[in-house]
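**Student:**
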Amino acid sequence: GAVVSQHPSRVICKSGTSVKIECRSLDFQATTMFWYRQFPKQSLMLMATSNEGSKATYEQGVEKDKFLINHASLTLSTLTVTSAHPEDSSFYICSARDAGGINEQFFGPGTRLTVL
Amino acid sequence: GDSVTQMEGPVTLSEEAFLTINCTYTATGYPSLFWYVQYPGEGLQLLLKATKADDKGSNKGFEATYRKETTSFHLEKGSVQVSDSAVYFCALSVNQAGTALIFGKGTTLSVSS
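Residue numbers (my numbering), protein chains in the order written: chain A, 1 to 116; chain B, 1001 to 1113.
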């Protein structure tokens, strides 16, 4: 099946620093990628939809200047958490939709962000 | 708006017990329905899916049938194993390109030997 990778898998940073998370589709092209956030023991909350070559669409309540998303190619999307604070600590998961498929999303393994 | 409701957990079972995790949905149009599984510390894996009414998705002994009349997609397994312990998410996708999945809150399953 299609594989989506995320890097890093785990990151610890100091408050005020910025962290970049990469999401890559390894064996397929993804015109659309999604970024989710998951709090402990809770469901996934969609943060934004990222389309290759265009600006991301953010969900209500998600600060676009804080969570910068770039989808520069059909296989790579990045999420940068700017000026991170402890409340940004969470599990961030990306998914990618196969450009040749419908309604099939493939999820990355997630990135655990801890902000001290 | 579109939404997914699944039973609250945790669900605690003994090995070889029968499992049911209820899931109902609200959606305009004709969504595709999914069950995802998340093992501790990992991302989500697609367990099974159904794209139209009366379809039955199945995988690894798990089954779910798309019931349009009851707007349900309940997950079942006849005999659970300790290795099935995980969080299970019901989700839907409206049949439009570029649409994200809408997830239920997840149900934690714990199976003991």
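C-beta: ideal position from N, C-alpha, C; glycine also.
In this text the structure is predicted, and so the values were computed from the model without any measurement.
(1) When the Cα atoms are used, what is the spatial distance from B/Q1038 to A/T82?
(2) Are the beta-carbon atoms belonging to A/A84 and A/T17 less than 7 Å from one another?
(3) Are three or more beta carbon pairs between the region 33-50 of chain A and the region 1011-1023 of chain B nearer than 8 Å?
(4) Please confirm if B/L1047 has its CB atom under 7 Å from at least one CB of chain A.
(5) Are the CB atoms of A/R24 and A/T75 within a distance shorter than 7 Å?
(6) Taking the alpha-carbon positions, what's the A/L26 to A/V3 distance?
(7) Check whether the region 1013-1020 of chain B touches the region 1071-1086 of chain B, counting contact only when three or more Cβ pairs, one atom from each stretch, lie closer than 8 Å.
(8) With DSSP as the reference, please indicate the residues paired to A/E22 in a beta bridge.
(9) If we call anything under 7 Å between Cβ atoms a contact, is B/V1087 one with B/T1108?
**Tutor:** Straight from the coordinates:
(1) The residue given as residue 1038 of chain B occupies position 38 in the second sequence. The residue given as residue 82 of chain A occupies position 82 in the first sequence. Between B/Q1038 and A/T82, the C-alpha separation is close to 28 Å.
(2) Residue 84 of chain A sits at position 84 when you count from the first residue of the first sequence. Residue 17 of chain A sits at position 17 when you count from the first residue of the first sequence. Taking 7 Å as the Cβ cut-off, A/A84 and A/T17 qualify as a contacting pair.
(3) no
(4) Reading the second sequence from its first residue, position 47 is the one you call residue 1047 of chain B. False, the Cβ-Cβ gap to chain A never drops below 7 Å.
(5) Numbered from its first residue, the first sequence carries residue 75 of chain A at position 75. Numbered from its first residue, the first sequence carries residue 24 of chain A at position 24. Yes.
(6) Your numbering for residue 26 of chain A matches position 26 in the first sequence. Your numbering for residue 3 of chain A matches position 3 in the first sequence. Distance between the alpha carbons of A/L26 and A/V3 is about 6 Å.
(7) yes
(8) As a position in the first sequence, residue 22 of chain A is number 22, starting the count at 1. Beta-bridge pairing links A/E22 to A/H7, A/T78.
(9) Here residue 1087 of chain B is taken as the residue at index 87 of the second sequence, counted from 1. Here residue 1108 of chain B is taken as the residue at index 108 of the second sequence, counted from 1. Going by C-beta atoms, B/V1087 is nearer than 7 Å to B/T1108.
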